[in-house]
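Residue numbers for the sequence shown follow our numbering, beginning at 11 and rising by one. Built from N, CA and C at the ideal position, the CB exists for glycine as well. Since we're looking at a predicted model, the values are computed, not measured. Written out below as structure tokens is the structure these notes cover.
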Amino acid sequence: MSLAASRNNWAIDEITALFSQPFMELVHQARSIHCECFDPNEIQISTLLSIKTGACPEDCQYCSQSGHYHTDVQTEKLLSLDEVRTQAAEALNSGATRFCMGAAWRSPPKSAMPALIDMIKTVKGMGLETCMTLGMLNEEQTQALKNAGLDYYNHNLDTSPEYYPQVITTRTYQDRLDTLTRVRTAGIKVCCGGILGLGETRQDRAKLLQQLANMPEHPESVPINLLVSIEGTPLESTETLDSFEFVRTIAAARILMPHSRVRLSAGRDNMSEELQALCFLAGANSIFYGEKLLTATNPQAEADRTLFQKLGIKAEAAHSLTGTKLTGTKADTGFTSNKNKHTNANNIPCHTLT
Ligand code: SF4
Numbered sequence: 011m012s013l014a015a016s017r018n019n020w021a022i023d024e025i026t027a028l029f030s031q032p033f034m035e036l037v038h039q040a041r042s043i044h045c046e047c048f049d050p051n052e053i054q055i056s057t058l059l060s061i062k063t064g065a066c067p068e069d070c071q072y073c074s075q076s077g078h079y080h081t082d083v084q085t086e087k088l089l090s091l092d093e094v095r096t097q098a099a100e101a102l103n104s105g106a107t108r109f110c111m112g113a114a115w116r117s118p119p120k121s122a123m124p125a126l127i128d129m130i131k132t133v134k135g136m137g138l139e140t141c142m143t144l145g146m147l148n149e150e151q152t153q154a155l156k157n158a159g160l161d162y163y164n165h166n167l168d169t170s171p172e173y174y175p176q177v178i179t180t181r182t183y184q185d186r187l188d189t190l191t192r193v194r195t196a197g198i199k200v201c202c203g204g205i206l207g208l209g210e211t212r213q214d215r216a217k218l219l220q221q222l223a224n225m226p227e228h229p230e231s232v233p234i235n236l237l238v239s240i241e242g243t244p245l246e247s248t249e250t251l252d253s254f255e256f257v258r259t260i261a262a263a264r265i266l267m268p269h270s271r272v273r274l275s276a277g278r279d280n281m282s283e284e285l286q287a288l289c290f291l292a293g294a295n296s297i298f299y300g301e302k303l304l305t306a307t308n309p310q311a312e313a314d315r316t317l318f319q320k321l322g323i324k325a326e327a328a329h330s331l332t333g334t335k336l337t338g339t340k341a342d343t344g345f346t347s348n349k350n351k352h353t354n355a356n357n358i359p360c361h362t363l364t
């Protein structure tokens, strides 16, 4: 049987056994699967824009945008279509293939839906894949986003079901699973991952991955965030997660979800080039590119270009956007853009922070 065969019946003991392997063996196994499923020297690039910032009614203890905590975040109302269009054009010219729009809401207000629909149609019309993260969705909202042409919806599980109540109390784990089910049922691709370094145990990390890997269909994108400690939030003094444990989790995610894009997300700004390279070696093959990741700083564009050049990494071209012209190629960005020739990566739907 191919190492890269997809399963969705992982027992927790199998996953903890994966984590417990000698580090080199775990990374080797993940790398082998990665090479079978993807061009190992290619990274998919997304750009994330906060379209509505701060004053969120949820109490996620890590988040600068929660209205429950006193942080430096400046609240901003929903951006105008012109502002979104301008930012999307910059993302396109920077080599991004996907444009993610995030709003700090419990769920999108009815009054905002027409504007959100216009944003999706406009960004798609520019030749970018669209992703939104807006909080919980009901069926009507989900269908409206689907009808507008939304490609991906991001809704993270954050951590294990057992640890979750230590981190968020204003909505339940089941609320999140219900939104994810609606998104999948509507035919929108799923972007779902978690945050490491919240004070959780390895068992919690394994259980988070078990939740993701045992979904009827794996999320097409699995963002793995590393906590960015924000002053004023309850988790601001949380002990930093060991880097090797972070890489182990990336590797385990690659093994459990062979065909998913595993995204190195928030926290990358604080990682050395060597640690990022190790994450890519262990199976991460997607990043956020740009100056900001919602309200957390993200490595400068120039640093990303330099790292990609040092590692011989190419940016994935927008192969799924038939007929669109990708302007973000080496000539104008410094990234080498590459049409993915790996059948698996092309045929299998292969995609934050909140
Ligand atoms: S993570 Fe999202 S839902 Fe939670 S407080 Fe922040 S913006 Fe709100």
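{"Asked": "Just to confirm, is the Cβ distance from Ile260 to Ala294 under 8 Å?", "Found": "yes"}
{"Asked": "Which whole runs of the alpha helix (DSSP H) in the stretch 138–167 are 4 residues long or more, in chain order?", "Found": "149–158"}
{"Asked": "Does DSSP put Asp342 in a helix, a strand or coil?", "Found": "A caution first: Asp342 carries a pLDDT of 32, below 50, which makes its placement in the model unreliable, though a value can still be read off. Correct three-state label for Asp342: helix."}
{"Asked": "Considering only residues of the stretch 99–135, which uninterrupted alpha helix (DSSP H) runs meet the minimum length of 4 residues and lie entirely inside it, listed in chain order?", "Found": "123–135"}
{"Asked": "For Asn166 and Leu206, what's the separation of their Cα atoms in angstroms?", "Found": "12 Å"}
{"Asked": "Just to confirm, are Arg315 and His44 a CB contact at a threshold of 8 Å?", "Found": "no"}
{"Asked": "Taking the C-alpha atoms as reference points, what is the distance between Gly137 and Pro124?", "Found": "21 Å"}
{"Asked": "Provide the residue(s) that pair with Cys66 in DSSP beta bridges, ordered along the chain.", "Found": "Ser76"}
{"Asked": "Going by the C-beta, is Gln286 closer than 7 Å to any heavy atom of the ligand SF4?", "Found": "no"}
{"Asked": "Hey, out of Glu68, Ile61, Ile127, Asp82, whose CA is closest to Thr96's CA?", "Found": "Ile61"}
{"Asked": "When we look at the beta-carbon of Asp34 and count the other beta-carbons within 10 Å, is it buried (16 or more) or exposed?", "Found": "The sequence given here has Met at residue 34, not Asp. Result: exposed."}
{"Asked": "According to DSSP, Leu236 sits in a beta bridge with which residue or residues?", "Found": "Leu206"}
{"Asked": "Say yes only if the C-beta of Ser170 is nearer than 7 Å to one or more non-hydrogen atoms of the ligand SF4, and no if none qualify.", "Found": "no"}
{"Asked": "Within the same chain, show all residues whose beta-carbon is closer than 7 Å to that of His78, passing over the 5 residues directly before and after it, in chain order.", "Found": "Asp69"}
{"Asked": "Please state the DSSP three-state secondary structure of Lys217.", "Found": "helix"}
{"Asked": "Are Lys320 and Glu52 closer than 8 Å when you measure CB to CB?", "Found": "no"}
{"Asked": "Let's see if you can read the secondary structure: which residues bound the alpha helix (DSSP H) around Ile260?", "Found": "253–266"}
{"Asked": "Report back the beta-carbon spacing between Met111 and Met142 to the nearest angstrom; my notes put them in contact at under 8 Å.", "Found": "5 Å"}
{"Asked": "Confirm the yes/no value for this check: CB of Ser239, any heavy atom of the ligand SF4, distance under 7 Å.", "Found": "no"}
{"Asked": "Within a Cβ cutoff of 7 Å, which residues of the same chain sit near Ala341, ignoring the five residues on either side of it in sequence?", "Found": "Since pLDDT at Ala341 reaches only 28, below the 50 mark, its modelled position is unreliable, and no value is offered."}
{"Asked": "As a quick exercise: from Arg258, Ser16, Tyr72, pick the residue whose alpha carbon is nearest that of Pro175.", "Found": "Tyr72"}
{"Asked": "By DSSP, does Val200 sit in helix, in strand, or in coil?", "Found": "strand"}
{"Asked": "Taking the alpha-carbon positions, what's the Pro118 to Thr180 distance?", "Found": "16 Å"}
{"Asked": "If you run the structure through DSSP and keep just helix, strand and coil, what is Glu86?", "Found": "strand"}
{"Asked": "Between the C-alpha atoms of Cys289 and Leu274, what's the straight-line distance to the nearest angstrom?", "Found": "8 Å"}
{"Asked": "Are three or more beta carbon pairs between the stretch 232–243 and the stretch 16–27 nearer than 8 Å?", "Found": "no"}
{"Asked": "Give the DSSP-derived three-state secondary structure of Ala276 in the structure shown.", "Found": "coil"}
{"Asked": "Can you give the Cα-Cα distance for Leu222 and Gly204, rounded to whole angstroms?", "Found": "9 Å"}
{"Asked": "Measuring only from the beta carbon, is Gln221 closer than 7 Å to any heavy atom that is part of the ligand SF4?", "Found": "no"}
{"Asked": "Tell me which residues share the same chain as Ile198 and place their Cβ nearer than 6 Å to its Cβ, disregarding the 5 neighbours each side in the sequence.", "Found": "Lys156, Leu160, Tyr163"}
{"Asked": "May I have the straight-line CA-CA distance separating Phe254 from Ala287, to the nearest angstrom?", "Found": "12 Å"}
{"Asked": "Run the CB neighbour count on Thr63, radius 10 Å, all protein chains shown included, and call it buried at 16 or more, exposed below.", "Found": "buried"}
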